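In mature numbering (1 follows the signal peptide of the UniProt record, and there is no 0), the protein residues as written are -17 to -1, 1 to 329.
Accompanying notes for the structure given below.
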Amino acid sequence: MKKIVLILSLLCLPFLAGGCGSDDRAELTVYNWGDYMDPEVIAQFEEEYNCRVNYETFTSNEDMYVKVKNSSDTYDVLVPSDYMIERLIREEMLRPITKDNIPNLANIDASAQNLAFDPGNQYSVPYFYGVLGIVYNTAQVTDPVDSWNLLWNDKYASKILMYDSIRDSMGVSLKRLGFSMNETSEANINAARDALIAQKPLVMAYVTDNVKSLMASGDAAMAVVYSGDAAIIMSETDSLDFAVPKEGSNAFYDNFVIPKNAKNPELAEQFINFMLTPEIAAKNIEYVGYSSPNAPALALLDASWSENAGFNISKEDLARSEIFKDLPNDVMEIYNRAWTEINVSK
């Protein structure tokens, strides 16, 4: 989930299941994005499976990777994004999924399975997906919102919010210039860098969590955000809408995976299967706001969800979007240098 998150620190969850005192119940340790699962469904799983869930959160795929790779802590379930799953598979850090133990995988639409980062879903089970786009105030933005070029329009100087993420903001600039979000050419990466430096005088701020309050208050006219965050903002503010530019964007897929050193992989598969139950998946959709490939769960949602452009992503928008790849270290060094130069520019 390269996405905007609220940082939670729920090391033991929840009190409804009897607290975190010592007992003989099985334990499951889950490491997920912040604010990316309804606490009530975790409590329900604890009750139904007579177990205790230790729930920790991360704010980026990279932070998750460093913790899992270098820490003595062990986890039973992770929820990384596509390109990070690709890296974890390559580095042999994941256990294969025993699909017979996850019958609810049948609820997942084929469009979210068998993707390039994990062909055949040998190691991962789909959870949520979304696309990067522009959320905008319909009262303030008078131009068509159909191109990334809008973010370089000086009419909206000091009213533009960019996403404080190297792959995402660099990706926006790359797509605007006609390049891939997985660009490896140093010349093209630097061209995207130069465009972001030229844009910087127009930008109010590079943001993460505070995009919601800035857009809801009307302080900003537009922001680069992921669709699920746009869906939540739009559900609270009538004057906002969301669009995916014609040049294309990033589509992400966040999946459940089980680390190779998981202490309780059988309970982990029960947890994943539980989260794919239509009623449980529907609760998580309503709590999180991101799009779900769980078709039976979608049928349980209120009709208003189908009218929300941040949630109801079109097939056309997905078709012209790219999934991030795990780029080689030498290429990421070019991106990191470019990002540093953007940050220090005036």
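Backbone N, C-alpha and C define an ideal beta-carbon position, used for all residues, glycine too.
From a predicted model like this one, the values you see are computed outputs, not experimental measurements.
- The way I'd put it, the stretch 283 to 303 does touch the stretch 264 to 274; three or more beta-carbon pairs between them come closer than 8 Å.
- For secondary structure counted as the beta strand (DSSP E) over 3 or more consecutive residues, the stretch 153 to 217 holds these complete runs in sequence order: 186 to 190 and 205 to 209.
- In this structure, the CA atom of N87 is about 43 Å from the CA atom of V124.
- Distance from P276 to Y112 at the Cβ level is roughly 6 Å; contact confirmed, criterion being Cβ atoms closer than 8 Å.
- Here the alpha carbon of D212 sits roughly 30 Å from the alpha carbon of M76.
- Scanning the stretch 227 to 269 for uninterrupted beta strand (DSSP E) segments of 3 residues or longer gives 232 to 240, listed from N- to C-terminal end.
- Residue state for Y106 is assigned as coil, using DSSP reduced to three classes.
- Nearest neighbour of S289 by Cα position, chosen from A214, T323, K246 and T220, turns out to be A214.
- In the DSSP assignment, M145 forms a beta bridge with Y189.
- Judged by pairs of C-beta atoms under 8 Å, the stretch 161 to 180 does not touch the stretch 92 to 100, as fewer than three such pairs exist.
- Residue range A9 to W16 is occupied by the beta strand (DSSP E) that includes Y14, with no alpha helix (DSSP H) assigned at that position.
- Between A188 and M198, the CB-CB gap reaches or exceeds 8 Å.
- When only Cα atoms are considered, P242 and I68 end up about 11 Å apart.
- The Cβ atoms of Q182 and W135 sit closer than 8 Å to each other.
- Taken through DSSP and simplified to helix, strand or coil, T323 comes out as helix.
- Contact check between the stretch 246 to 260 and the stretch 44 to 64: three or more CB pairs, one atom from each, fall below 8 Å, which counts as touching.
- When the alpha-carbon of P261 is set against those of N173, G17 and V24, the nearest one is in V24.
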